[in-house]
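Residues 6 to 295 (the numbering used here) make up the sequence shown, in order.
Below is one structure, written out as structure tokens; comments come after it.
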Amino acid sequence: MSPPVFRFAPSPNGYLHLGHALSALLNADMARQADGRVLLRIEDIDASRCRPEYEQAVYEDLAWLGITWDGPVRRQSEHFDDYRAALAKLEAQGLVYPSFESRAEIAAMVAAREAQAPWLRDPDGAPLYPGAAKDMPSDERARRLASGAPYALRLDMAAALARVDALTWQETGTGPAGETGTIAADPAAWGDVVLARKDTPTSYHLAVAADDAAQGITDVVRGQDLFHATAVHRLLQALLGLPAPRYHHHRLVLDPDGRKLSKSTQATGLRELRARGLTAGDVRRLVGLD
6 MSPPVFRFAP SPNGYLHLGH ALSALLNADM ARQADGRVLL RIEDIDASRC RPEYEQAVYE
66 DLAWLGITWD GPVRRQSEHF DDYRAALAKL EAQGLVYPSF ESRAEIAAMV AAREAQAPWL
126 RDPDGAPLYP GAAKDMPSDE RARRLASGAP YALRLDMAAA LARVDALTWQ ETGTGPAGET
186 GTIAADPAAW GDVVLARKDT PTSYHLAVAA DDAAQGITDV VRGQDLFHAT AVHRLLQALL
246 GLPAPRYHHH RLVLDPDGRK LSKSTQATGL RELRARGLTA GDVRRLVGLD
């Protein structure tokens with residue numbers, strides 16, 4: 006049996022904080038205990054927010070924590086063709102359609118519906134897509150695409166679910182409500198999720214499914230905030246014929262008000278803690294890894 010492969014996958018859109026430290030340290034600890042490997046992925050899809058200085062800071066912070074990784078770093082911005090190929094496979098199955106509403110237009114549509122009755126929301130609290138672009142006549146769709154209008158490419162969730170059997174994943178950590186073991190995936194809770202946009206060839210959901218397969222990841226260790234999103238990733242894996250890794254969702258590090266840490270929270274930023282003279286051992290204690 007091949008050794009397990011873990012990965013730490015930060016986005017270089019800010020400096021790392023204690024929440025990132027917990028995830029990175031858990032990946033390193035679990036890989037060491039299983040005689041496995043840890044890979045590093047830089048999730049830099051969002052070119053408007055990602056910065057070279059933040060990526061360099063990732064390397065500095067990991068070195069300070071004593072964390073090393075195997076093989077070259079995988080930068081998502083260097084693999085857009087991989088995501089386009091995955092998207093093309095879904096399009097060939099008739100599972101992708103463009104929607105042309107702006108975010109403001111979608112918000113107005115949701116507000117109009119909620120004036121009549123509650124509108125469904127995804128596990129993150131965002132309203133499900135309320136539009137009817139899936140039913141747009143093909144000639145009108147072609148006209149809008151030819152005009153250069155902005156669009157989002159969405160997964161036809163109903164059609165996608167009709168192509169797969171019931172989906173599950175193996176959870177070795179815990180979900181927000183203590184879920185563990187074999188978890189029943191519920192992709193429908195996310196509605197017709199965005200897979201790409203006119204100016205961005207992938208979304209987080211599509212990229213993470215493609216990247217984990219390309220890197221041979223066997224064990225995904227990440228925060229509980231992504232527990233429910235695993236349902237979408239399992240669906241994409243099934244549709245694209247990709248392997249399903251094991252998942253381990255860990256507790257989040259929260260601020261004094263009980264909120265998930267932000268990269269703008271200087272009090273918990275690793276650079277700030279290092280500047281104050283704290284050590285890697287101090288960080289382990291702060292995140293509960295004595």
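For glycine and all other residues, C-beta sits at the position ideal for the given N, C-alpha and C.
By the neighbour-count criterion, in which 16 or more other beta carbons inside 10 Å mark a residue as buried, R42 falls on the buried side. For T187, the three-state secondary structure derived from DSSP is strand. The DSSP-derived three-state label of W124 is coil. Residue environment analysis places S143 among the exposed positions, since fewer than 16 neighbouring C-beta atoms fall within 10 angstroms of its C-beta. Under the three-state reduction of DSSP, S104 is assigned to strand. In the structure shown, the three-state DSSP call for P132 is strand.
Measuring C-alpha to C-alpha distances from I72 to each of R12, P128, E106 identifies R12 as the nearest. DSSP lists no bridge partner for E58.
For R289, same chain residues with a beta-carbon under 7 Å away, outside a window of 5 residues either side, are L30, D295 in chain order.
Beta bridge pairing from DSSP links A201 with L158.
L45 has F13 as its beta-bridge partners, per DSSP.
Under DSSP, G274 shares a beta bridge with H22. DSSP, read as helix, strand or coil, puts W174 in strand. For R279 and R202, the gap between their C-alpha atoms comes out near 39 Å. Across the structure, F105 and M6 are spaced so that their CA atoms are roughly 48 Å apart.
By DSSP's assignment, G228 forms a beta bridge with H255.
In this structure, F232 sits away from P192, with a CB-CB distance that is not shorter than 8 Å.
Straight-line spacing of the CA atoms in L150 and Y156 works out to 8 Å. Within the DSSP bridge table, the entry for R80 names I47 as partners. Between the beta-carbon of V10 and that of T223 there is about 5 Å, and that keeps the pair under the 8 Å contact cut.
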